[in-house]
Every structure is written in C-alpha cells, then in structure tokens.
Amino acid sequence: MRRAALASSAGGFIVMAVFLVVAPAAGAIEWHQSAKLVPLLGVPVICGAVLPRLCAAQAAGEWRAVSKAQTIGSSISIIVAVPLAPVVGIGAASLQSLAAEGLFALQLRKRNFPHPTLGSTRLWRRYLLPTSINGAMGWLQGQADRLVVAIMGSAAVLGQLSIAASLARTPIDAALLGYVNLLRAELAKQDSRELKRAVLDRYLPRLLTGALVLQALVSVLTAFVVAPLLGGPWAPAIALVPLLAASAAPAAATWSLSAAIIDEARARALVPWQIMGVGLSLAAGYGFAQSLVLGAILAWIRDIIALIARSWLAGNLLSRRLRWWSVAATGIGAIVAGVGYSFLSGRFGIGA
Numbered sequence: 000m001r002r003a004a005l006a007s008s009a010g011g012f013i014v015m016a017v018f019l020v021v022a023p024a025a026g027a028i029e030w031h032q033s034a035k036l037v038p039l040l041g042v043p044v045i046c047g048a049v050l051p052r053l054c055a056a057q058a059a060g061e062w063r064a065v066s067k068a069q070t071i072g073s074s075i076s077i078i079v080a081v082p083l084a085p086v087v088g089i090g091a092a093s094l095q096s097l098a099a100e101g102l103f104a105l106q107l108r109k110r111n112f113p114h115p116t117l118g119s120t121r122l123w124r125r126y127l128l129p130t131s132i133n134g135a136m137g138w139l140q141g142q143a144d145r146l147v148v149a150i151m152g153s154a155a156v157l158g159q160l161s162i163a164a165s166l167a168r169t170p171i172d173a174a175l176l177g178y179v180n181l182l183r184a185e186l187a188k189q190d191s192r193e194l195k196r197a198v199l200d201r202y203l204p205r206l207l208t209g210a211l212v213l214q215a216l217v218s219v220l221t222a223f224v225v226a227p228l229l230g231g232p233w234a235p236a237i238a239l240v241p242l243l244a245a246s247a248a249p250a251a252a253t254w255s256l257s258a259a260i261i262d263e264a265r266a267r268a269l270v271p272w273q274i275m276g277v278g279l280s281l282a283a284g285y286g287f288a289q290s291l292v293l294g295a296i297l298a299w300i301r302d303i304i305a306l307i308a309r310s311w312l313a314g315n316l317l318s319r320r321l322r323w324w325s326v327a328a329t330g331i332g333a334i335v336a337g338v339g340y341s342f343l344s345g346r347f348g349i350g351a
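Each residue of the sequence shown is one higher than the last, beginning at 0 in numbering that gives the first Met the number 0.
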C-alpha cells in the first residue's frame, strides 16, 4: 500500500512538473502563468500520502467520516478561492484544488482507523486498490481537458475554465461522492446480487434527485451571489457554470454503478472505459480551446458515454425503472443547464 502511495505521488508530481516546465518553454503559456499553477504540484503528493489512511477508513467502513472530510474540504476551499479569483486569476483554481485535497487529508489524519487485516492481500486487490485506481483515473480525466486547453488555448481561456469548473463541480461532486460512499457501505453488507440490486433501487433515485437539486442550487447561487462578486472580467466563467453543472446527474449514476461493479470484483472491466474517458476529456479540451460552450457540450457527451458504458456493465443490477430514472434525470439536467445559461448570458450580457 505504501509503495502504491509513493508511486502515485511521484508519478503525478513528475507529470505535472514536466508540464509546468515544458508548456511555457514551448510558448504554450507564459512563465508567470505557469507559476500560478505550481500549487497543483502538491495535489498528487497529498493524494498519494493520504491513500493508506483512506484505504484504512474504507476497510473499517468509516464511509461517513470520508464523506464528511470531502464535504468540509471542498466547501472551505471554494469559500477561500472565489474571492481570490479577481486577484490571482487562474491561481485561485489551483489553490482551490490544493486546499480541498489538503483539508481532506488533514481531517483523515486526525482519525485513528484500524489497519486493514482481512487477508490484506485479498481486500487490497479485490476492493481497496480498484476503488483508489478508479478515483485516480477520475482525477486524471478531470485534469486532461485543462492540460489540452493550456497547450492549445490561451491562459485567459484556461483561467475561465478552471474557475467555472471549481464553481460548478466542486461542491456538487463533494456532496454526491459522500452519498456514493454510503452506497458503497450498503452494497458491501449484502451477500447476494438481488439484495445489491435492491440497494441500488433505493439509493440511486435519491442520488439523481439530489444531483438535480444541487445543479439548480449552484446555478442560482452563481447568478445571484458569485456573478456580482466576480464581475465582468469573469463573465464567460460565470455563464459556463450551468453548462458544466449539467453533468451532475449522469456523474451521480456513473459513480454509483462503478461502485456496484467494483463491489462485484469486476473492476478490471472498468479500465478500458476509464481510458476512453481520459481520451474523451482530451477531445473536450480541444473543444474548450475553440469555444467554452463547445467544450462543455463535449464534456457532457463524455459523461453520457460513461453512463451508458456503466449501465451496460452493470447488467441486471440496474433495473428498467432505474434506467428510465437516469435518462429522465439527465434530460432534466440538460434543460436546467440550458435555462441557466440563457438567463446568465441574457440578463448579464455575458457569453462563453
């Protein structure tokens, strides 16, 4: 476990360090802009360092503690980062990522979790490692589009995208991941496929409903709280928030189904789709470099493809009722996003 944590930290740090040197050297971004991304060097280091503690918490069934730590870290980081955006620009988004991971790690380190025993090798290979890899691939997917924007777009576009993504997804993702952690705990208690299906039937509609509520809430707060605070220079980022938040419902369903698939020891089946997700993020990054709206649409399509793939892999774990729930929630989310974007771009005279 410690070796995996070290490899994760070192690998992520090296990749980010190389980018921060090569991108400005190649003229993709300015050196002073690269300097504002330096806090991102600490993100993979913290993620790797906290991995053993996170796995111990998961093995002990302390999902509520993990959820609480994620929610607190994300909420405080957003509160700190938003006022800094007019001052340090893109640096606010990188500081937000570092603060969120740092606060999450700090809270877990305050707790004492029993070291996983259960034939450690079996527990590690069957569940904890796949769960951690799934999270790492998700993080990589979330960063891939920004790396492409940094290379192909301008620093201004990267700054707008980073702030919009922080506002649109950080609070939503923290809340949804917390509930998905509870779902994981319930799935682990069941000893038959029928019972696991019943758990999904109970939890997934709540998750999808919560995702839509959070999406609407984020859009409203952006329009009436964040927009007056950040002002005109960040108009494209503000308008982009409802579009990026449209992925809330498909993400909630995708994460839930991934948890169920991993619970059945079929994590390897997810790997090809996770790699495809990174590739689609690169395509979305190209779209963002051309137009923020185009990039948001491509990112939404990426998340729809991920949901379709997980639904197929889940098989009869996913009832027909839940499939329609997922379709309906995704459609409603798209409508809410369209209304939010139209309102913001119209009323405030902004556009992406």
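Even glycine gets a Cβ: it sits at the ideal position worked out from N, Cα and C.
Using CA atoms only, rank isn't needed, just tell me which of the options is closest to residue i.
{"i": "I45", "options": "R108, L36 and V21", "result": "R108"}
{"i": "I261", "options": "F342, A187, M15 and L206", "result": "A187"}
{"i": "S246", "options": "R183, A259, E263 and A295", "result": "A295"}
{"i": "L53", "options": "N180, Y202 and G90", "result": "N180"}
{"i": "E100", "options": "A154, R110 and T169", "result": "T169"}
{"i": "F342", "options": "V21, D302, L97 and L242", "result": "L242"}
{"i": "G177", "options": "G72, V87 and L229", "result": "G72"}
{"i": "A313", "options": "A328, S257 and A163", "result": "S257"}
{"i": "A163", "options": "Q32, S153 and S218", "result": "S218"}
{"i": "A244", "options": "T329, H31 and V86", "result": "T329"}
{"i": "I300", "options": "L211, A174, A250 and L321", "result": "A250"}
{"i": "A210", "options": "S280, A173 and Q189", "result": "A173"}
{"i": "A215", "options": "A167, W324 and L229", "result": "A167"}
{"i": "E61", "options": "V338, R322, I303 and Q106", "result": "Q106"}
{"i": "W323", "options": "V292, A98 and A248", "result": "A248"}
{"i": "L293", "options": "V270, S165, L321 and P235", "result": "P235"}
{"i": "W233", "options": "A98, V79 and V87", "result": "V87"}
{"i": "V326", "options": "V20, L281, T208 and L220", "result": "T208"}
{"i": "G352", "options": "V240, G11 and S280", "result": "The chain is shown from 0 up to 351; residue 352 falls before or after that span and cannot be answered."}
{"i": "T221", "options": "V20, L269 and S165", "result": "S165"}
For the alpha helix (DSSP H) that contains residue i, what are its first and last residues?
{"i": "W311", "result": "L291 to A313"}
{"i": "L36", "result": "Here L36 belongs to no alpha helix (DSSP H), and DSSP marks it neither H nor E."}
{"i": "G177", "result": "A154 to K188"}
{"i": "L269", "result": "That residue, L269, is in no alpha helix (DSSP H); it is neither H nor E in DSSP."}
{"i": "R196", "result": "R192 to L220"}
{"i": "V240", "result": "A234 to A244"}
{"i": "S257", "result": "A247 to D262"}
{"i": "L228", "result": "A226 to L229"}
Can you list, in chain order, the residues of its chain whose CB lies under 7 Å from that of residue i, leaving out five sequence neighbours each side?
{"i": "V148", "result": "V156, L157, L160, G284, F287 and A288"}
{"i": "L83", "result": "A91 and L94"}
{"i": "L102", "result": "I71, G72, I75 and S76"}
{"i": "R319", "result": "none"}
{"i": "L139", "result": "V277"}
{"i": "L321", "result": "L199, D200 and L203"}
Counting only the same chain and skipping the five closest in sequence on each side, list residues whose C-beta sits under 6 Å from that of residue i.
{"i": "M15", "result": "L39 and L40"}
{"i": "A305", "result": "T253 and G276"}
{"i": "W272", "result": "A308"}
{"i": "Y202", "result": "L182"}
{"i": "A298", "result": "A283"}
{"i": "E185", "result": "V198"}
{"i": "S310", "result": "L317"}
{"i": "I274", "result": "none"}
{"i": "R145", "result": "none"}
{"i": "Q32", "result": "A154"}
Between the alpha carbons of residue i and residue j, how many angstroms are there, rounded?
{"i": "Y340", "j": "F223", "result": "13 Å"}
{"i": "A68", "j": "L213", "result": "19 Å"}
{"i": "A308", "j": "A64", "result": "30 Å"}
{"i": "I13", "j": "L36", "result": "14 Å"}
{"i": "L199", "j": "S255", "result": "8 Å"}
{"i": "L194", "j": "V81", "result": "43 Å"}
{"i": "I334", "j": "A24", "result": "43 Å"}
{"i": "S290", "j": "G137", "result": "23 Å"}
{"i": "F18", "j": "N111", "result": "36 Å"}
{"i": "A226", "j": "A143", "result": "27 Å"}
{"i": "P43", "j": "P51", "result": "14 Å"}
{"i": "L316", "j": "R192", "result": "7 Å"}
{"i": "R267", "j": "A259", "result": "13 Å"}
{"i": "A34", "j": "A154", "result": "12 Å"}
{"i": "I171", "j": "P204", "result": "16 Å"}
{"i": "G345", "j": "R196", "result": "44 Å"}
{"i": "G332", "j": "I303", "result": "12 Å"}
{"i": "G118", "j": "D190", "result": "With a pLDDT of 49 at G118, under the threshold of 50, the modelled position of that residue is not reliable, and the figure given next carries that caveat. In a straight line, the C-alpha of G118 is about 19 Å away from that of D190."}
{"i": "I78", "j": "G141", "result": "21 Å"}
{"i": "S354", "j": "A98", "result": "Since the first residue shown for the chain is 0 and the last is 351, residue 354 is missing from the structure and cannot be characterised."}
{"i": "S96", "j": "V20", "result": "20 Å"}
By Cβ distance below 8 Å, which residues in the same chain neighbour residue i in space, the five residues on each side in sequence not counted?
{"i": "S66", "result": "L176, G177, Y178, N180 and L181"}
{"i": "L206", "result": "L175, Y178, V179, L182, A251, A252 and S255"}
{"i": "L228", "result": "V81 and P82"}
{"i": "W30", "result": "P23"}
Give a yes or no on whether the minimum CB-CB distance between residue i and chain B is below 8 Å.
{"i": "Q273", "result": "No chain B is present in this structure, which holds just one protein chain."}
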